[in-house]
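Numbering (the working numbering), first residue to last: 174 to 368.
Following this line, the structure appears as structure tokens:
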């Protein structure tokens, strides 16, 4: 898909049209339709992204490339790509391309769904978040007026502390705890990058 198709998809998701969007943003009539021939400036892309409350990547590529890549790295973990591909039923080359961030095409729904089902770290990468990063709507979108009026929801973190001092842990269990802590840190970074 191209930029105009991605914007058209966002307009459909938010129940508006490209002409209405152009008017709302103060762009000339037909300006967005010309973006396939003449690349828009980054500030215009940012205006569109801000209005829809999405990233510029979502406008450009139809999905959140960086966020999707980060989540994919968590799902794959330390396993070899070939093993993950075999267990999840996805193509290993496609998986590798997304992991390297070189595939700029919105992933196919079946590819994303298979990885979401395979995901051994669902506590860190929720299915809904993964599908959303891949450019697939999973929840009802807010009306555009909410984005215009600045009524965006903010994530409020809650701290939960767990201590393992004083218990008899094996080396393997301590290693599992350390790995889990790293995964929680990665999830925190993903949430921050989403905001």
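Yeah, the Cβ is synthetic: ideal placement off N, Cα and C, and Gly gets one too.
If you follow the alpha helix (DSSP H) that residue i is in, where does it begin and where does it stop?
i           : result
residue 213 : Note, residue 213: premise wrong, no alpha helix (DSSP H); not H, not E.
residue 237 : That residue, residue 237, is in no alpha helix (DSSP H); it is neither H nor E in DSSP.
residue 179 : 176-186
residue 191 : 191-198
Between the Cα of residue i and the Cα atoms of the options, which residue gives the shortest distance?
i           : options            : result
residue 252 : 299, 291, 364, 204 : 291
residue 284 : 293, 263, 217      : 263
residue 273 : 222, 342, 356, 241 : 241
residue 298 : 185, 269, 250, 268 : 250
residue 304 : 296, 288, 208      : 288
residue 221 : 200, 210, 238, 211 : 200
residue 364 : 351, 306, 256, 268 : 306
residue 225 : 340, 347, 310, 361 : 310
residue 216 : 198, 206, 207      : 198
residue 271 : 340, 234, 341, 294 : 234
residue 238 : 356, 275, 344      : 275
residue 286 : 362, 358, 300      : 300
residue 366 : 266, 302, 209      : 302
Which of the three DSSP states, helix, strand or coil, is assigned to residue i?
i           : result
residue 349 : helix
residue 341 : coil
residue 222 : helix
residue 206 : helix
residue 306 : helix
residue 232 : helix
residue 227 : coil
Tell me, to the nearest whole angstrom, how far the beta carbon of residue i is from that of residue j; I am working on the premise that it is less than 8 Å.
i           : j           : result
residue 191 : residue 180 : 6 Å
residue 183 : residue 229 : In fact, because the Cβ distance is near 12 Å, the residues do not count as touching under 8 Å.
residue 232 : residue 245 : Going by Cβ atoms, the distance from residue 232 to residue 245 rounds to 21 Å, so no, they are not a contact pair.
residue 195 : residue 188 : Going by Cβ atoms, the distance from residue 195 to residue 188 rounds to 16 Å, so no, they are not a contact pair.
residue 354 : residue 308 : Residue 354 to residue 308, Cβ: 30 Å. No contact.
residue 294 : residue 248 : 6 Å
Do residue i and the ligand NAP come close, with the Cβ less than 7 Å from some heavy atom?
i           : result
residue 364 : For the structure depicted, the ligand NAP is absent and the ligand set is empty, with no information on it obtainable.
Does residue i come within less than 8 Å of chain B when only Cβ atoms are used?
i           : result
residue 273 : As a matter of chain content, chain B is missing from the structure shown, which is built from one protein chain.
message: Quick check on the DSSP output: what are the complete alpha helix (DSSP H) runs of length 4 or more inside the segment 250-300, in order along the chain?
response: 254-261, 265-272, 282-291
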